[in-house]
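Residue 32 is where the sequence shown starts when you use the numbering used here, and the numbers rise one by one after that. Ideal placement from N, C-alpha and C gives every residue a C-beta, glycine not left out. Right, one structure below, let's go through it.
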Amino acid sequence: MSTDTIRAYYNAFNAGDINGMVDCLSDAFVHDVNEGQRRDGKAAFADFCAHMNRCYKETLTDMVIMVSEDGTRAAAEFTVNGTYLETDGSLPKAHGQSYVLPAGGFFTLEDGKITRVTTYYNLNDWIRQVS
Numbered sequence: 032m033s034t035d036t037i038r039a040y041y042n043a044f045n046a047g048d049i050n051g052m053v054d055c056l057s058d059a060f061v062h063d064v065n066e067g068q069r070r071d072g073k074a075a076f077a078d079f080c081a082h083m084n085r086c087y088k089e090t091l092t093d094m095v096i097m098v099s100e101d102g103t104r105a106a107a108e109f110t111v112n113g114t115y116l117e118t119d120g121s122l123p124k125a126h127g128q129s130y131v132l133p134a135g136g137f138f139t140l141e142d143g144k145i146t147r148v149t150t151y152y153n154l155n156d157w158i159r160q161v162s
């Protein structure tokens, strides 16, 4: 079941379906990003996703999902294939640059829902690719 939840979450991501991603989350959800601040709750996460969809068009490929024996922890490794659509804050100016990044996510799950996701990628590599 945990693998199904993670796969549904990333399938919704690839479809740009924020509601589908939020449907995979617990009410006690937290989101950590290696280069950002923690977001608490589904609403904060949905706002973050809407911002990301404005600034970036990304598809994840080469997905590998690993789940602990008890189903409470999971990890995913994948490749981010993206296009930088709109300048994001103080980051480099956007003009449709393409990028490819290795990335991953770590999950905590409870009752078939994601309670935490922590996303990792190399921001310096991304900046180099879009500059």
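DSSP three-state call for Arg69: helix, strand or coil? Here the question's residue 69 lines up with position 38 in the sequence shown. Coil, per DSSP.
Let me know the secondary structure DSSP gives His62 once reduced to three states. Walking along the sequence shown from the start, residue 62 turns up at place 31. It is a strand residue.
Identify the continuous alpha helix (DSSP H) that holds Gly135 and give its terminal residues. Walking along the sequence shown from the start, residue 135 turns up at place 104. Here Gly135 belongs to no alpha helix (DSSP H); instead the beta strand (DSSP E) covers Ser129 to Glu141.
Helix, strand or coil at Asp156 [DSSP, three-state]: Here residue 156 is taken as the residue at index 125 of the sequence shown, counted from 1. In the structure shown, Asp156 sits in a helix (DSSP, three-state: H, G or I).
Between Ile96 and the rest of its own chain, which residues show a CB-CB distance below 6 Å, the 5 nearest in sequence each way excluded? To locate residue 96, count along the sequence shown from 1; it is residue 65. Same-chain partners within the cutoff: Thr34, Ile37 and Ala107.
According to DSSP, simplified to helix, strand and coil, what is Thr36? As a position in the sequence shown, residue 36 is number 5, starting the count at 1. Note: Thr36 maps to helix in three-state DSSP.
Are the CB atoms of Tyr41 and Met94 nearer to each other than 8 Å? Counting from one through the sequence shown, the residue named residue 41 turns up at place 10. Counting from one through the sequence shown, the residue named residue 94 turns up at place 63. Going by C-beta atoms, Tyr41 is nearer than 8 Å to Met94.
Measuring CB to CB, does Ala77 end up less than 8 Å from Val61? Your numbering for residue 77 matches position 46 in the sequence shown. Your numbering for residue 61 matches position 30 in the sequence shown. No, the pair does not count as a contact, with Cβ atoms beyond the cut-off.
Per-residue burial, Leu56 [other beta carbons within 10 Å of its own, 16 or more giving buried]: Position 25 of the sequence shown, counted from the start, is the residue given in the question as residue 56. Leu56 comes out buried.
Contacting residues, own chain, Cβ-Cβ under 8 Å from Arg85 (five flanking each side not counted): Numbered from 1 along the sequence shown, position 54 holds the residue referred to as residue 85. Closer than 8 Å at Cβ, skipping near neighbours: Leu116 and Glu117.
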